[in-house]
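Numbering (our numbering) for the sequence shown: 3 to 220. Ideal Cβ placement from N, Cα and C applies to all residues, glycine included. Just so you know, these numbers come straight off a predicted model, no measurement behind them. Take a look at the structure below.
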Amino acid sequence: MLLNVVFLVTAGKPYYLSGLWAALWAAGAVEVERHGAPRGWGWAASAPAYVITAVMTVLLTLPVYPLSRLADTPQPVINADSAETVGWPRFAAQVAAVRDALPPGERAAATIVVSKYGEAGALDRYGPALGLPRAYSGHNGYWYFGRPPDGRGPTIVVGPEDVAEGAGLRRYWTDVRPVARIDNGVGLDNQEQGKPVWVCRGQRAPWTELWPEFRRLS
3 MLLNVVFLVT AGKPYYLSGL WAALWAAGAV EVERHGAPRG WGWAASAPAY VITAVMTVLL
63 TLPVYPLSRL ADTPQPVINA DSAETVGWPR FAAQVAAVRD ALPPGERAAA TIVVSKYGEA
123 GALDRYGPAL GLPRAYSGHN GYWYFGRPPD GRGPTIVVGP EDVAEGAGLR RYWTDVRPVA
183 RIDNGVGLDN QEQGKPVWVC RGQRAPWTEL WPEFRRLS
């Protein structure tokens, strides 16, 4: 109970407690073994609680709403993770459009770096069909999946969130230009919506030196 309160206060995700479920089931099994399953009205009284829990779980966690109406429901506010996969195919298509707009000599050598592991996962899922190379991210555990290969091509960077923060990218590249903004098409305010996409050239150092600076935990 105390741990549950801690995660609620610190905006932890619902699945952070999933490791405790086995222990709770085991404790419940011991109680049933000793005293038998609940009988009579005590068991019947719990039925409404199960029904209410089931309905609320469906409404707040499952993809039951049309995407065009999702922003008007309480689901993205209460369960923010439900909004984070919205627009992934469109996201990948927008990054592909930036790559395709590069001069022909740069397209094959372009590297893609994104600010969050979810964005990297979206591009790894939908990017191959669009001819995109794998995406790289320094966010959380995705940093351990490896750094981009050293090369002479441009880098397409998704994020940081604010165009003014492009000054930070100039620590790593001499030529940094915003070329697009991510739009999921349904007006949903998730972590990708409105992010700038940059084309960066003139890398100041090889990735073997830069990659440790891209590591970020959140």
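Applying the 10 Å Cβ sphere with the 16-neighbour rule, what's the burial state of Glu215?
Indexing the sequence shown from 1 puts residue 215 at position 213. The residue is exposed, with fewer than 16 neighbouring Cβ atoms inside 10 Å.
Across which residues does DSSP place Val159 in a beta bridge pair?
Working through the sequence shown from its first residue, we reach residue 159 at position 157. Bridge partners of Val159: Val115, Trp200.
Which residues does DSSP list as the beta-bridge partners of Ala182?
What you label residue 182 is simply residue 180 of the sequence shown in a count that begins at 1. BP columns for Ala182 point to Val199.
Assuming contact is defined by CB atoms lying nearer than 8 angstroms, are Val160 and Glu121 in contact in what I supplied?
Counting from one through the sequence shown, the residue named residue 160 turns up at place 158. Counting from one through the sequence shown, the residue named residue 121 turns up at place 119. Taking 8 angstroms as the Cβ cut-off, Val160 and Glu121 qualify as a contacting pair.
Take Arg149 and list the residues in its own chain whose beta-carbon comes closer than 6 angstroms to its own, dropping the five residues that flank it on each side.
If you number the sequence shown from 1, residue 149 lands on position 147. Trp209, Trp213, listed in sequence order.
The alpha helix (DSSP H) that contains Ser70, what's its start and end?
Indexing the sequence shown from 1 puts residue 70 at position 68. Segment 69-72, the alpha helix (DSSP H) holding Ser70.
Using only CA atoms, which one of Val97, Thr113, Asn142 lies nearest to Ala124?
If you number the sequence shown from 1, residue 124 lands on position 122. Taking only the C-alpha atoms, the option nearest Ala124 is Val97.
Tell me the rounded alpha-carbon separation between Pro78 and Gly140.
Translated into the one-based positions of the sequence shown, residue 78 becomes position 76. Translated into the one-based positions of the sequence shown, residue 140 becomes position 138. One C-alpha to the other measures close to 25 angstroms.
Give the C-beta separation of Ser84 and Val188 to the nearest angstrom, bearing in mind that I take them to be a contact with Cβ-Cβ under 8 angstroms.
Your numbering for residue 84 matches position 82 in the sequence shown. Your numbering for residue 188 matches position 186 in the sequence shown. The pair is not a contact, with the Cβ atoms about 13 angstroms apart (cut-off 8 angstroms).
Under 8 angstroms between the Cβ atoms of Ile184 and Val201?
Counting from one through the sequence shown, the residue named residue 184 turns up at place 182. Counting from one through the sequence shown, the residue named residue 201 turns up at place 199. No. Outside cutoff.
Count the other CB atoms, across all protein chains shown, that sit within 10 Å of the CB of Val116; report buried if there are 16 or more and exposed otherwise.
Here residue 116 refers to the residue found at position 114 when the sequence shown is read from its first residue. Flag for Val116 reads buried.
Between the alpha carbons of Gly107 and Pro130, how many angstroms are there, rounded?
Working through the sequence shown from its first residue, we reach residue 107 at position 105. Working through the sequence shown from its first residue, we reach residue 130 at position 128. Going by the C-alpha atoms only, they are around 20 angstroms apart.
With a threshold of 16 other CB atoms inside 10 Å of the CB of Glu194, please say whether the residue is buried or exposed.
Reading the sequence shown from its first residue, position 192 is the one you call residue 194. Buried, because 16 or more other Cβ atoms sit within 10 Å of the Cβ of Glu194.
Would you grab the beta carbon distance between Glu138 and Ile114 for me? Rounded to a whole angstrom, and I think it's under 8 angstroms.
Within the sequence shown, residue 138 is the residue found at index 136, counting from 1. Within the sequence shown, residue 114 is the residue found at index 112, counting from 1. Just to set this straight, residue 138 is Tyr in the shown sequence, not Glu. Rounded, the Cβ-Cβ distance is 7 angstroms, consistent with contact.
Distance check for Ala169 and Asp191, CA to CA, integer angstroms please.
Here residue 191 is taken as the residue at index 189 of the sequence shown, counted from 1. Here residue 169 is taken as the residue at index 167 of the sequence shown, counted from 1. Cα to Cα, the separation comes out at about 25 angstroms.
With DSSP run on the structure shown, which of helix, strand or coil describes Ala29?
Working through the sequence shown from its first residue, we reach residue 29 at position 27. Residue state, collapsed to three classes: helix.
Between the alpha carbons of Ala31 and Gly38, how many angstroms are there, rounded?
In the sequence shown, residue 31 corresponds to position 29, counting from 1. In the sequence shown, residue 38 corresponds to position 36, counting from 1. Near 9 angstroms, if we compare the C-alpha coordinates of Gly38 and Ala31.
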